[in-house]
Amino acid sequence: MKQLFPFGHATHPQWQMAAGLVLAQVRAQMALHGYASSPTLGLLYITDHYAPFAQDILDHLGAELPEITDWAGTVGVGIASSNVEYFDEPALAVMLCELPSDQYRVFSGVAPLGTGQGMGFEPFTALVHADAHTPEVTELIAEMAGRTATGYLFGGLASSRTQAVQFAIGGNGNMRGQGAARGVFSGGLSGVAFGEGVALVSRVTQGCQPVSAQRVITGADGNVITHIDGESALDVLLADADISLDDPEEAMGRLRATLVGLTAAQGDAVGRTGSFGADVVVRHIIGLDLGRRAVAVADRVSEGMRMAFCRRNAQAARADLMRICAEIREELEPEEMSLPVAAALREHVAEGAPNPHSHIAGAIYVSCAGRGGPHFGGPSAELQIVRRALGDVPLVGFFAGGEIARHHLYGYTGVLTVFRS
47 MKQLFPFGHA THPQWQMAAG LVLAQVRAQM ALHGYASSPT LGLLYITDHY APFAQDILDH
107 LGAELPEITD WAGTVGVGIA SSNVEYFDEP ALAVMLCELP SDQYRVFSGV APLGTGQGMG
167 FEPFTALVHA DAHTPEVTEL IAEMAGRTAT GYLFGGLASS RTQAVQFAIG GNGNMRGQGA
227 ARGVFSGGLS GVAFGEGVAL VSRVTQGCQP VSAQRVITGA DGNVITHIDG ESALDVLLAD
287 ADISLDDPEE AMGRLRATLV GLTAAQGDAV GRTGSFGADV VVRHIIGLDL GRRAVAVADR
347 VSEGMRMAFC RRNAQAARAD LMRICAEIRE ELEPEEMSLP VAAALREHVA EGAPNPHSHI
407 AGAIYVSCAG RGGPHFGGPS AELQIVRRAL GDVPLVGFFA GGEIARHHLY GYTGVLTVFR
467 S
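Going by the numbering used here, the letters in the sequence shown line up with residues 47 to 467, in that order.
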């Protein structure tokens, strides 16, 4: 990967017009110096306005770009590209990746991912799209992570007010005996597995801030926390979140705004002062058991897990997003840089133009459907933060019903992954 990945995005009431605009963008870039001219993998994200036309869109793009042998992607209530977010409007985004053909595999229900699959391919990491309605989807994500050498996944759950479609079709075909497929699926998991030769850097940015000290779950029953640090869970919740049941209306409002950050006993709960680490998964409080003085949450819990009550915080989310972008740039940029190269880098970042000295060929950003510009204070505000930090690098992504990183299913987070050039 020595060149930028061509990409395009567009909105239009008619998907054919949007597709035409995207095709014009990627074809123009493929003719430019510095952009990949022979990509084979296409990433496709559409908003749910286009979900009923998913197969038509994929067929059209495949016919117009016959050199693209493999496609993957999904649907979101919003999609993202460099510096722009499309919410509640018909839109699509495409990025064309030029990767060694022996270093990636598209997988789906009709072409499952297996270790040692085809020509000695071994998956090291994987981009995963999943359907939230799939039974035991959290366990399936963990099992998929176990099929990769690093255990690292990135991606998210499709989000849609209509059909939760996924795109997955590979040039290496389907598994024998499982029939033909045209590349559009509902349910299960799909995506792209990458080999050791595809260099990636990925980070998780949290969107919630703890409002209490870290504690330990000392009593649990399924998804019900009965005791925290030896005390009744409900009493701890009321004290930590400053909630009084004397005013039921105000109490309900504060309860709806309060979430639980859960961490396995061996995980990293606190990464920085006053904020969550990457191992924390945030879950909703779904009920109170006044009889047992217990708290029910939207996940299974067990004794020994660590937890902290938390609330969404836009300022903390902005700061954490800037932090992960800075970490990625620091990891990608060389330790020593000549003055002319450093000056060119600063100039291109300031202009938001593609940087000839960039170490990023392309990026994928999956954010929570509850984030985006509305949460960060203005249209496309979240993606503007990413662009200011990374420059105008090729980027596509979507706003998910849950974000996937490593073997976790997150909520209210963003997952930023870049391909090293």
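Every residue, glycine too, gets a C-beta built ideally from N, C-alpha and C. From a predicted model like this one, the values you see are computed outputs, not experimental measurements.
CA-to-CA distance, residue j to residue i, given in whole angstroms
i, j, result
"Pro402", "Ala279", "Annotation note: pLDDT 43 at Pro402 (below 50); position unreliable, no value reported."
"Ala77", "Ser426", "29 Å"
"Gln49", "Glu144", "8 Å"
"Trp117", "Cys254", "34 Å"
"Gly225", "Ala157", "Residue placement at Gly225 cannot be trusted, given a pLDDT of 48 that sits under 50; the coordinates are not used to answer."
"Ala214", "Gly119", "7 Å"
"Thr115", "Val306", "43 Å"
"Arg249", "Ala415", "18 Å"
"His405", "Asp335", "53 Å"
"Ile483", "Asp438", "With the chain represented from 47 up to 467, any question about residue 483 goes unanswered, as that position is not in the structure."
"Val328", "Glu449", "11 Å"
"Leu69", "Val183", "34 Å"
"Val72", "Ala311", "47 Å"
"Ile370", "Ser83", "30 Å"
"Tyr150", "Val442", "18 Å"
"Gly432", "Arg339", "According to the sequence shown, residue 432 is Val rather than Gly. About 43 Å."
"Glu377", "Gly241", "20 Å"
Local Cβ density within 10 Å of residue i, reported as buried at 16 or more and exposed below that
i, result
"Ser206", "buried"
"Gln361", "exposed"
"Thr208", "exposed"
"Asp325", "buried"
"His468", "Past the boundaries of the shown model lies residue 468; the chain is included only from 47 to 467, so the question cannot be answered."
"Asp366", "buried"
"Ala259", "exposed"
"Asp177", "buried"
"Ala388", "Low confidence applies here, because Ala388 scores a pLDDT of 47, under 50, leaving its location unreliable and the question unanswered by this model."
"Ala372", "exposed"
"Asp292", "exposed"
"Arg302", "exposed"
"Asp275", "exposed"
"Ser127", "buried"
"Ile332", "exposed"
"Met351", "buried"
"Gly243", "exposed"
"Phe444", "buried"
"Ser413", "buried"
"Pro440", "buried"
"Gly447", "buried"
"Met141", "buried"
As assigned by DSSP and simplified to three states, the class of residue i
i, result
"Met351", "coil"
"Ser426", "coil"
"Gln255", "strand"
"Ser147", "helix"
"Asp281", "helix"
"Gly448", "coil"
"Leu159", "coil"
"Tyr81", "strand"
"Ala303", "coil"
"Leu436", "helix"
"Thr184", "helix"
"Tyr458", "coil"
"Ala195", "coil"
"Ala340", "strand"
"Leu391", "Bear in mind that the predicted position of Leu391 carries a pLDDT of just 48, short of 50, making it unreliable; the figure below should be weighed with that in mind. In the structure shown, Leu391 sits in a helix (DSSP, three-state: H, G or I)."
"His453", "coil"
Identified DSSP bridge partners for residue i
i, result
"Glu131", "Ala126"
"Leu441", "Ala409"
"Thr309", "Arg352"
"Asp116", "Leu87"
"Arg357", "Gln255"
"Leu173", "Phe200, Val238"
"Val463", "Note on residue identity: the sequence assigns Thr, not Val, to residue 463. Per DSSP, Ser248, Ile410."
"Ile274", "Ile263, Glu277"
"Leu138", "Ala56, Ile92"
Limits of the alpha helix (DSSP H) - the one that residue i falls within
i, result
"Gly418", "418-422"
"Ala103", "Inspection of the sequence shows that residue 103 is occupied by Ile rather than by Ala. Where Ile103 is concerned, the enclosing alpha helix (DSSP H) stretches over 100-110."
"Gln370", "Gln is not the amino acid found at residue 370; the sequence shown has Ile there. Segment 360-378, the alpha helix (DSSP H) holding Ile370."
"Gly70", "One point to set straight first is that residue 70 is Ala, not Gly, in the sequence displayed. Element bounds for Ala70: 61-76."
Unbroken beta strand (DSSP E) run spanning residue i, endpoints
i, result
"Asp335", "327-335"
"Ala266", "261-267"
"Gly88", "87-93"
"Ala56", "53-57"
"Ile215", "211-215"
"Ser232", "230-232"
Cβ-heavy atom distance, residue i to the ligand PLP, below 7 Å
i, result
"Glu110", "With respect to small molecules bound, the structure shown includes none, and the ligand PLP cannot be examined in it."
8 Å Cβ cutoff, residue i in contact with chain C
i, result
"Gly80", "No chain C is present in this structure, which holds just one protein chain."
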